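J.: Chains as they are written, first to last, in the working numbering: chain A, 539 to 742; chain B, 1460 to 1531. Positions of the beta carbon are idealized from the N, C-alpha and C atoms, including for glycine. All of these numbers come straight from a predicted model, not from anything done at the bench.
Following this line, the structure appears as structure tokens:
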């Protein structure tokens, strides 16, 4: 059968994954940390909804706190000039956790690709790798929206001068859970492949 | 699933080759099975043998499957 995935394809894929391993933490943690330590204003955007009426707050009703620059275009976009350390941490956590998860997934995929390139994809290690990616996706799919929702709630509360009634929106995406389920199924297929490979070991 | 327990089958390939003055490489060339695989068989590391391999071995060595294997 003709080779579909060539050596150069593997090389490109490995390059992309390697970039993701390195860039995800740099962009997700490093750059915001530099902004924090460099004294920049904390930028945040959130979807703000009233708790009694499920619609976005009209811009005329919103007044921001003194050190806050607020823009309104359906989402609340604001800059906190004097953000405290805890506010910075709140803002950093969702993206930080997400980028660490992305980097970890890329690292595991990188090892999986190497194993496949060697012609030995059906190993116990591959099964564990696929399951680990599934677990990371499920965990990140729960933790990141929770952290984002909490940060939205706290930072929007801090940004608005009036005691506006609003609720933080937790935006869960079930796509990650679907992908995780597919990965668990794929891991099961790899487990069968690993068993079959073991069966033919020593076959002459 | 192949039987994982220890077995008592002994491959007599080295004796057959010695009797015929044939090397493993020559046999490999003759039957189209890699030297590595034949070494696995000769050194008692094989867990299973394909009928096609056994047929080729018997044809090349002029023997029967009973000559290739013995039970200890």
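Taking only three categories from DSSP, how would you classify residue 552 of chain A?
T.: Note: residue 552 of chain A maps to helix in three-state DSSP.
J.: Any beta carbon of chain A sitting closer than 7 Å to that of residue 1500 of chain B?
T.: Closer than 7 Å to some Cβ of chain A, the Cβ of residue 1500 of chain B qualifies, so yes.
J.: Assuming contact is defined by CB atoms lying nearer than 7 Å, are residue 643 of chain A and residue 682 of chain A in contact in what I supplied?
T.: No, these two residues do not count as a Cβ contact at 7 Å.
J.: In chain order, what are the residue ranges of uninterrupted beta strand (DSSP E) at least 3 long that sit wholly in the segment 605-661 of chain A?
T.: Entirely contained in the segment 605-661 of chain A, the beta strand (DSSP E) runs reaching 3 residues are, in chain order, 606-610, 614-618.
J.: Following the continuous beta strand (DSSP E) through residue 541 of chain A, name the residue where it begins and the one where it ends.
T.: First-last for residue 541 of chain A: undefined, no H or E at that position.
J.: Using a Cβ cut-off of 7 Å (strictly closer), state whether residue 1508 of chain B contacts chain A.
T.: Yes, its Cβ sits closer than 7 Å to a Cβ of chain A.
J.: Can you tell me whether residue 556 of chain A is buried or exposed? The criterion is at least 16 other CB atoms within 10 Å of its CB, across all chains shown.
T.: With fewer than 16 Cβ atoms within 10 Å of its Cβ, residue 556 of chain A is classed as exposed.
J.: Does the beta-carbon distance from residue 580 of chain A to residue 629 of chain A come in below 7 Å?
T.: Yes, these two residues count as a Cβ contact at 7 Å.
J.: Provide the residue span of the alpha helix (DSSP H) that contains residue 1517 of chain B, from first to last.
T.: 1510-1520 is the span of the alpha helix (DSSP H), which, as asked, contains residue 1517 of chain B.
J.: Locate the alpha helix (DSSP H) running through residue 734 of chain A, then write down its first and last residues.
T.: Counting along the chain, the alpha helix (DSSP H) containing residue 734 of chain A begins and ends at 713-737.
J.: Considering only their Cβ atoms, is the gap separating residue 679 of chain A from residue 715 of chain A smaller than 7 Å?
T.: Yes; because the gap between Cβ atoms is below 7 Å, this pair is in contact.
J.: Applying the 10 Å Cβ sphere with the 16-neighbour rule, what's the burial state of residue 690 of chain A?
T.: Buried, because 16 or more other Cβ atoms sit within 10 Å of the Cβ of residue 690 of chain A.
J.: DSSP on residue 1453 of chain B, reduced to helix/strand/coil?
T.: Residue coverage of chain B in this structure runs from 1460 to 1531, which leaves residue 1453 of chain B outside it and unanswerable.
J.: Chain B beta carbons: is any one of them nearer than 7 Å to that of residue 740 of chain A?
T.: Chain B, which has a Cβ nearer than 7 Å to the Cβ of residue 740 of chain A, makes this yes.
J.: Looking at chain A, is there any beta carbon in it that lies within less than 7 Å of the beta carbon of residue 1514 of chain B?
T.: So no, residue 1514 of chain B is outside the interface.
J.: Give a yes or no on whether 7 Å exceeds the smallest Cβ distance from residue 1522 of chain B to chain A.
T.: No, residue 1522 of chain B does not count as interfacial toward chain A.
J.: Measure from the C-beta of residue 1529 of chain B to each C-beta in chain A and report whether the shortest distance is under 7 Å.
T.: Closer than 7 Å: no.
J.: At a CB-CB cut-off below 8 Å, which residues of chain A make contact with residue 1485 of chain B?
T.: Those do not exist, as residue 1485 of chain B stays about 17 Å from chain A at its closest Cβ, beyond 8 Å.
J.: Go to residue 584 of chain A, then tell me how far its beta strand (DSSP E) extends in each direction, as first and last residue.
T.: Segment 580-584, the beta strand (DSSP E) holding residue 584 of chain A.
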